Amino acid sequence: MKPAPFQYVAARTIEQALQLKAEYGDEARFLAGGQSLVPTMNFRLTQPAILIDINLLAELAGVKNGAGDRVRIGALTRYRNLERDPATARRLPLIHEALPHVAHPQIRNRGTIGGNLAHADPASEMPAIVVALAGRLHARSKTGERWIDAADFFVGALSTALAPDEMLVEVELPTAPARSGACFMEVSRRRGDFAIVGVAATVRLDGEGRCADARIGLCNAGEVPVLAAEAGKSLAGRKIGAPEIKEAAALVQGAIDPGGSIHASKEFQRHIAGVLTARALAAACQRAEQAA
Ligand SMILES: Cc1cc2nc3c(=O)[nH]c(=O)nc-3n(C[C@H](O)[C@H](O)[C@H](O)COP(=O)(O)OP(=O)(O)OC[C@H]3O[C@@H](n4cnc5c(N)ncnc54)[C@H](O)[C@@H]3O)c2cc1C
């Protein structure tokens, strides 16, 4: 199918893009990599009156240092640039490990982290990681700016806390702390397909080798990316071994509400979530021990 007619403007400045978004609100869509937007327009699931192309806004792309041990990734940063960036591999190992699971190289050449987060597909890897890492998202409009905690950003399937006049300009994430390990794993039918379920786990150890902090995020386990907070808390202060991992995996299975699909029933998704949680936690612990 072909998209419904629309106006197209290649914005020259962020201010111009925000001015147009303020004018048209929900009738306007930003065009980033186009890898989600264009297919939905071709199926006429989305019929914007105007596309505001942000690809010329170079200041929206790239990775820079944030306050303290935090990293800021510009919304227009392409997956492929992140995937190939050695500093990202070192400072954000979860992102580095998950990126090869996102679609295919052709899509990663164009797709952007901002477009992916704003699209808010619950099966998508990056939203689960941003939630697992307790990231923050920076939104701007013609009249102001604000930071939104990742936990508050994803409000439903394909729905975010961004107002109709707002643009996502960057995402801020904490870098991997000392004595920590992380692991991302997913099951999908074929390489590059959306995950049936995916799990992002981080573990930080104290000087005695006990768990100081553990966080577990899941994709395709509910309407929004899920933070399995109780499962993470259950590990705090304990030496993590097989029984602790088993307990955390069971808590994850109890906490999620996957939607089920023709490819995987809810029960199968719940089963996979438990298996992947156990494996990802074990790998994250092992990596944390090596780092310590
Ligand atoms: C075959 C195929 C397989 C895929 N597999 C996966 C997968 O396994 N995992 C996965 O996560 N994704 C997958 N995707 C989706 C892909 O990751 C998309 O590229 C990504 O979700 C959107 O990024 P984009 O830059 O292309 O955004 P676009 O398609 O340009 O935009 C997506 C939405 O976000 C809005 N938007 C874009 N930028 C901003 C901004 N800065 N501020 C506010 N709103 C903005 C747009 O208006 C639009 O509504 C797949 C896509 C295809 C076609």
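Just so you know, the sequence shown maps onto residues 919 to 1210 in my numbering.
Every residue, glycine too, gets a C-beta built ideally from N, C-alpha and C.
Note that the structure is a prediction, hence the values are computed from the model and not measured.
Neighbourhood of residue i by C-beta distance below 7 Å, restricted to the same chain and skipping five residues each side
{"i": "Gly1178", "result": "Lys1184 and Gln1187"}
{"i": "Arg1097", "result": "Arg1122, Leu1123, Ala1206, Ala1209 and Ala1210"}
{"i": "Gly943", "result": "Pro1082 and Asp1083"}
Contacts around residue i, its chain only, beta-carbon distance under 6 Å, and the 5 residues preceding and following it disregarded
{"i": "Glu1084", "result": "Ala1057 and Ser1059"}
{"i": "Pro1095", "result": "Arg1122"}
{"i": "Arg1133", "result": "Ala1050, Thr1120 and Gly1150"}
Cβ separation of residue i and residue j, assumed to be a contact under 8 Å, to the nearest whole Å
{"i": "Ala1005", "j": "Val981", "result": "7 Å"}
{"i": "Ala1050", "j": "Leu1145", "result": "6 Å"}
{"i": "Val989", "j": "Thr1093", "result": "6 Å"}
{"i": "Val1115", "j": "Ala1139", "result": "6 Å"}
{"i": "Leu994", "j": "Ile972", "result": "6 Å"}
{"i": "Ile1025", "j": "Met1044", "result": "Contact doesn't hold; Cβ gap of about 13 Å is too wide."}
Residue i beta carbon near ligand 1 (any heavy atom closer than 8 Å)
{"i": "Asp1032", "result": "Checking the sequence shown, residue 1032 turns out to be Gly, not Asp. Yes, ligand 1 has a heavy atom inside 8 Å of this Cβ."}
{"i": "Gly952", "result": "yes"}
{"i": "Val1117", "result": "no"}
{"i": "Phe1072", "result": "no"}
{"i": "Val1020", "result": "yes"}
{"i": "Gly1110", "result": "yes"}
{"i": "Phe1102", "result": "no"}
{"i": "Met919", "result": "no"}
{"i": "Ser1179", "result": "no"}
{"i": "Pro957", "result": "yes"}
{"i": "Asp1039", "result": "yes"}
{"i": "Val1087", "result": "yes"}
CB of residue i within 9 Å of CB of residue j, strictly
{"i": "Ala1041", "j": "Ala1113", "result": "yes"}
{"i": "Asp1175", "j": "Glu1141", "result": "yes"}
{"i": "Glu1001", "j": "Leu1055", "result": "no"}
{"i": "Leu955", "j": "Leu969", "result": "yes"}
Per-residue burial, residue i [other beta carbons within 10 Å of its own, 16 or more giving buried]
{"i": "Asn1034", "result": "buried"}
{"i": "Gly1029", "result": "buried"}
{"i": "Gly1150", "result": "buried"}
{"i": "Ile1180", "result": "exposed"}
{"i": "Tyr997", "result": "buried"}
Cutoff 8 Å; reference residue i; Cβ partners in own chain excluding five residues on either side
{"i": "Asn983", "result": "Val989 and Arg990"}
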